[in-house]
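So for the sequence shown, the UniProt record's numbering puts the first residue at 1; every next one is plus one.
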Amino acid sequence: MARRNDLDRFYDLLDDLAHRVGGTRKLKNSTGYMDWPDRGVYFFLEPGETRDSTGQLRVTRVGTHGVSEGSSTSLWDRLKQHYGTGSGSSDHPHGGNHRGSVYRKRVGEAIIEKHDLTDDYPDWDERWSSIGRERSVVRDEEYILERRVSTYVREQPFLWVNLDDEPSADSDRAYLERNAIALLSNFEKRSIDSRGDGWLGRYSRSREIRDAGLWNVNHVGERYESGFLDLLETAVDDTTPS
């Protein structure tokens, strides 16, 4: 009962956040020229994935950026990695680099499994250092899948909060990300807000993703601290439209 109540409060805070920033955004309509906060935490939701009790769109990924000490990565820098390449890219427009975005990598894996494309993309899970062939050849081979990933990711509504603290594993941003994932996750817990049969994540190779109902792997099996919701509420109050 306590977790359900905390989930209700979490989603109510996201509703407040959406009201403050003028609604959710989609990456397909976002640019770096918008007034993004330097640092923050983001929440991707998914069309068709709703909560059992309220019909609110369900969060399917939580993330932040630059939590290593000394990092200068901004919120938009991280969102741009998920977005991929734009129309002006000379060689691979509307593609991307899944080796720079775990979100893109996991979505691509699920597409491969769903459509039995393993033979078409043998290197998708490999790091560049493990691939013996020329990178340009592999990029060309993976381009069509990168485009499919871009199409999927760019259609996911998302929200963000301003949380401008110094990069650190102990930062407020890392604390908020970790606890939000742990709260939302159904991994090895009683299921709340069941995942739809059509959710792409059900095809993931990762049991954590399939069972948690999130595109996250880290923190899905951890306990959460309810106090993080107070931090989220403060961050919501500090967030303005981009």
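Glycine included, every Cβ here is placed at the ideal spot set by N, Cα and C.
Which runs of the beta strand (DSSP E), 3 residues or longer, sit entirely within the stretch 66-139? none
Count Cβ pairs between the stretch 206-226 and the stretch 45-61 that sit closer than 8 Å; are there 3 or more? yes
Three-way DSSP call (helix, strand, coil) for Asn218 in this model: For the purposes of this step, residue 218 is identified with residue 218 of the sequence shown, where counting begins at 1. DSSP places Asn218 in coil when its eight states are reduced to three.
Is the CB-CB distance between Pro93 and Gly100 below 8 Å? In the sequence shown, residue 93 corresponds to position 93, counting from 1. In the sequence shown, residue 100 corresponds to position 100, counting from 1. No, the pair does not count as a contact, with Cβ atoms beyond the cut-off.
If you follow the beta strand (DSSP E) that Thr50 is in, where does it begin and where does it stop? Position 50 of the sequence shown holds residue 50. Counting along the chain, the beta strand (DSSP E) containing Thr50 begins and ends at Gly40 to Thr50.
Taking just the CA atoms, how far does Gly48 sit from Asp16? Position 16 of the sequence shown holds residue 16. Position 48 of the sequence shown holds residue 48. Asp16 and Gly48: Cα-Cα distance of roughly 21 Å.
With DSSP collapsed to three states, give me the class of Thr54. Indexing the sequence shown from 1 puts residue 54 at position 54. Correct three-state label for Thr54: coil.
Buried versus exposed, by CB contacts within 10 Å (16 or more), Arg25: Start at 1 with the first residue of the sequence shown, and residue 25 comes out as number 25. Per the 10 Å Cβ criterion, buried.
Could you pull out every residue in the same chain whose Cβ sits closer than 7 Å to the Cβ of Arg127, ignoring the five residues on either side in sequence? Along the sequence shown, read from residue 1 onward, the residue named residue 127 stands at position 127. Correct list, in chain order: Arg99.
What residues in its chain sit with their C-beta under 7 Å from that of Val233, if we drop five residues either side in the sequence? By one-based count along the sequence shown, residue 233 stands at place 233. Rather than Val, the amino acid found at residue 233 in this sequence is Glu. Cβ within range, chain order: Leu13.
Ala182 beta carbon less than 8 Å from that of Arg223: For the purposes of this step, residue 223 is taken as the residue at position 223 of the sequence shown. For the purposes of this step, residue 182 is taken as the residue at position 182 of the sequence shown. Their beta carbons are under 8 Å apart, which means Arg223 touches Ala182 by this criterion.
At which residues does the alpha helix (DSSP H) containing Asn5 begin and terminate? Locating residue 5 in the sequence shown gives position 5, counting from the first residue. Here the alpha helix (DSSP H) through Asn5 covers Ala2 to Val21.
Grouping DSSP H, G and I as helix and E and B as strand, with all else coil, what is Leu163? Locating residue 163 in the sequence shown gives position 163, counting from the first residue. Of the three classes helix, strand and coil, the one that applies to Leu163 here is coil, per DSSP.
Mark Gly88 as exposed unless 16 or more other C-beta atoms lie within 10 angstroms of its C-beta, in which case mark it buried. As a first step, residue 88 is located in the sequence shown; it is residue number 88 there, counting from the start. Classification for Gly88: exposed.
Residues that DSSP places opposite Phe158 in a beta bridge: Mapped onto the sequence shown, residue 158 falls at position 158. Note: Phe158 sits in a beta bridge opposite Arg25 and Phe44.
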